[in-house]
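Asks: Below you'll find the structure I mean.
In the working numbering, the protein residues as written are 2 to 355.
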């Protein structure tokens, strides 16, 4: 049994090793500068604070991909600028890949997260990843291999061998974990590529072939389009949506609606009234919706977001009237007069500047 997650804290870590894993992915091995290495739950992440080009601090989450002997490992894809779009490269990934070296120190909060392997279950497990989305699933795979008792299927999709990271690590685990089956799918394999099992995309037929014969838990992580496709395919194969757990890489979103279209709308009487000032809309708070961000989305109000976990500040919004509270504490509360919509609920009537 792995230990439980430690209380999230802000710590300084020394980069003890920087390792190239593929053409665009590197691993960073981190040891705390003081104290013991914190325990974590497979699926957890660290929130790093790094400077942008103007020195302004930005926060980014990176999943823990391994617990090393005396530290943690994060594995980071360099988000380069798209050739056909006027979009800059990723601030934090560029900083890690280009600016940081072995011996440097970085600051991170955590471990934290809500995407966690259910270690008390004995159901089979399917780990389904796209691109660098495999990083939290690798930590889960290592935990499953250490436990050794659960049927496990590891399915990974990426473009080709040049961007396939940590493949040997999975093969090594497979040689010692006899309940593990793996399948690697390259969308566009190169002539020199080997070590993959199929080409093209992960299809319904492929999933049906690989999935366990008894009800399993499915853990998904990857880019948005990949996740939406896999989620839909699993539902079409009869998988219970309550057995599908997921985390996005890139700006997060929802794979299932906050409410079924046939569900009744709550009665407005005695419920807080939420005013979206810029949108010119007032709606009743719905206690079945977990936060103000999802309420806004339910009513078509556009709000910026990324992590949906209270760590990145992207959804920070001015509160011009009323107060909010946090059923689950964010990493850091915003200043007076602001709310983190992804984890805030109203204490009464509230007006938001969106």
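The beta-carbon is built from N, C-alpha and C at its ideal position, and this holds for glycine as well. Just so we're clear, the structure is a prediction, and the values are computed from it rather than from any experiment.
Closer than 6 Å by C-beta to residue 265: which residues in its own chain qualify, once you throw out the five before and the five after it? Chain order, please.
Replies: As a first step, residue 265 is located in the chain shown; it is residue number 264 there, counting from the start. Because residue 265 carries a pLDDT of 49, less than 50, the predicted location of this residue cannot be relied on, and the following value inherits that uncertainty. Around residue 265: no qualifying Cβ.
Asks: Beta-carbon within less than 8 Å of residue 89's beta-carbon, same chain only, minus the 5 sequence neighbours each way: which residues are those?
Replies: As a working mapping, residue 89 is identified with position 88 in the chain shown. The answer, listed in chain order, is 82.
Asks: Does DSSP classify residue 16 as helix, strand or coil?
Replies: One-based indexing of the chain shown puts residue 16 at position 15. In this structure, residue 16 counts as strand in the three-state DSSP scheme.
Asks: Report back the beta-carbon spacing between residue 221 and residue 118 to the nearest angstrom; my notes put them in contact at under 8 Å.
Replies: Taking the chain shown and counting its residues from 1, one reaches residue 221 at position 220. Taking the chain shown and counting its residues from 1, one reaches residue 118 at position 117. Residue 221 to residue 118, Cβ: 13 Å. No contact.
Asks: Can you pull the DSSP bridge partners for residue 29?
Replies: If you number the chain shown from 1, residue 29 lands on position 28. Residue 29 is bridged to 19 and 75.
Asks: In the stretch 178-247, which residue ranges form an unbroken beta strand (DSSP E) of at least 3 residues, counting only runs that do not cross its ends?
Replies: Qualifying beta strand (DSSP E) stretches, in chain order: 181-187 and 218-223.
Asks: Roughly how many whole angstroms lie between the Cα atoms of residue 272 and residue 284?
Replies: Here residue 272 refers to the residue found at position 271 when the chain shown is read from its first residue. Here residue 284 refers to the residue found at position 283 when the chain shown is read from its first residue. One C-alpha to the other measures close to 10 Å.
Asks: Of the residues 31, 201 and 327, which one's Cα is nearest the Cα of residue 12?
Replies: Position 11 of the chain shown, counted from the start, is the residue given in the question as residue 12. When each option's Cα is compared against that of residue 12, the closest is 31.
Asks: Which stretch, first to last residue, makes up the beta strand (DSSP E) that contains residue 137?
Replies: The residue labelled residue 137 in the question sits at position 136 within the chain shown. Looking at the DSSP string, residue 137 is not in any beta strand (DSSP E); the run it does join, the alpha helix (DSSP H), is 135-148.
Asks: Would you identify the three-state DSSP class for residue 319, choosing helix, strand or coil?
Replies: For the purposes of this step, residue 319 is identified with residue 318 of the chain shown, where counting begins at 1. It is a strand residue.
Asks: Apply the 10 Å Cβ neighbour rule to residue 48 and answer buried if 16 or more other Cβ atoms are within range, or exposed otherwise.
Replies: Locating residue 48 in the chain shown gives position 47, counting from the first residue. Buried, by the Cβ-count rule.
Asks: Do residue 161 and residue 198 have their C-beta atoms within less than 8 Å of each other?
Replies: Counted from its first residue, the chain shown places residue 161 at position 160. Counted from its first residue, the chain shown places residue 198 at position 197. For residue 161 and residue 198, no; Cβs fall outside 8 Å.
Asks: Less than 8 Å between the CB atoms is what I'm expecting for residue 249 and residue 353, so what's the real figure, rounded?
Replies: Within the chain shown, numbered from 1, the residue matching residue 249 stands at position 248. Within the chain shown, numbered from 1, the residue matching residue 353 stands at position 352. Their Cβ separation, rounded to whole angstroms, is 24 Å, which puts residue 249 and residue 353 out of contact at 8 Å.
Asks: Under a Cβ-count criterion, where at least 16 other Cβ atoms within 10 Å of its own Cβ denotes burial, should residue 215 be classed as buried or exposed?
Replies: If you number the chain shown from 1, residue 215 lands on position 214. Exposed: under 16 other Cβ atoms inside 10 Å.
Asks: Let's test the definition: count the other Cβ atoms within 10 Å of the Cβ of residue 41 and tell me whether it reaches 16, buried, or not, exposed.
Replies: The residue labelled residue 41 in the question sits at position 40 within the chain shown. Answer is buried; the Cβ neighbour count reaches 16.
Asks: Give me, in chain order, the residues of the same chain whose beta-carbon lies closer than 7 Å to that of residue 237; leave out the 5 immediate sequence neighbours on both sides.
Replies: Locating residue 237 in the chain shown gives position 236, counting from the first residue. These residues qualify, in order along the chain: 205.
Asks: If you follow the beta strand (DSSP E) that residue 47 is in, where does it begin and where does it stop?
Replies: Position 46 of the chain shown, counted from the start, is the residue given in the question as residue 47. Where residue 47 is concerned, the enclosing beta strand (DSSP E) stretches over 46-52.
Asks: Can you say whether residue 322 is buried or exposed, counting buried as having 16 or more other CB atoms within 10 angstroms of its CB?
Replies: As a working mapping, residue 322 is identified with position 321 in the chain shown. Exposed, since its Cβ has fewer than 16 Cβ neighbours within 10 Å.
Asks: List the DSSP bridge partners of residue 159.
Replies: On the chain shown, residue 159 is found 158 positions in, with the first residue counted as 1. Partner(s): 187.
Asks: Measuring CA to CA, which of 100, 153, 139 and 102 is closest to residue 123?
Replies: Along the chain shown, read from residue 1 onward, the residue named residue 123 stands at position 122. Among 100, 153, 139 and 102, the Cα nearest to that of residue 123 is on 153.
Asks: Looking at C-alpha atoms only, which residue of 164, 168 and 182 is the closest neighbour of residue 189?
Replies: As a working note, residue 189 is residue 188 in the chain shown. Residue 189 has its Cα closest to that of 164, out of 164, 168 and 182.
Asks: From what residue to what residue does the alpha helix (DSSP H) around residue 66 run?
Replies: The residue labelled residue 66 in the question sits at position 65 within the chain shown. Element bounds for residue 66: not the alpha helix (DSSP H) but the beta strand (DSSP E), 58-68.
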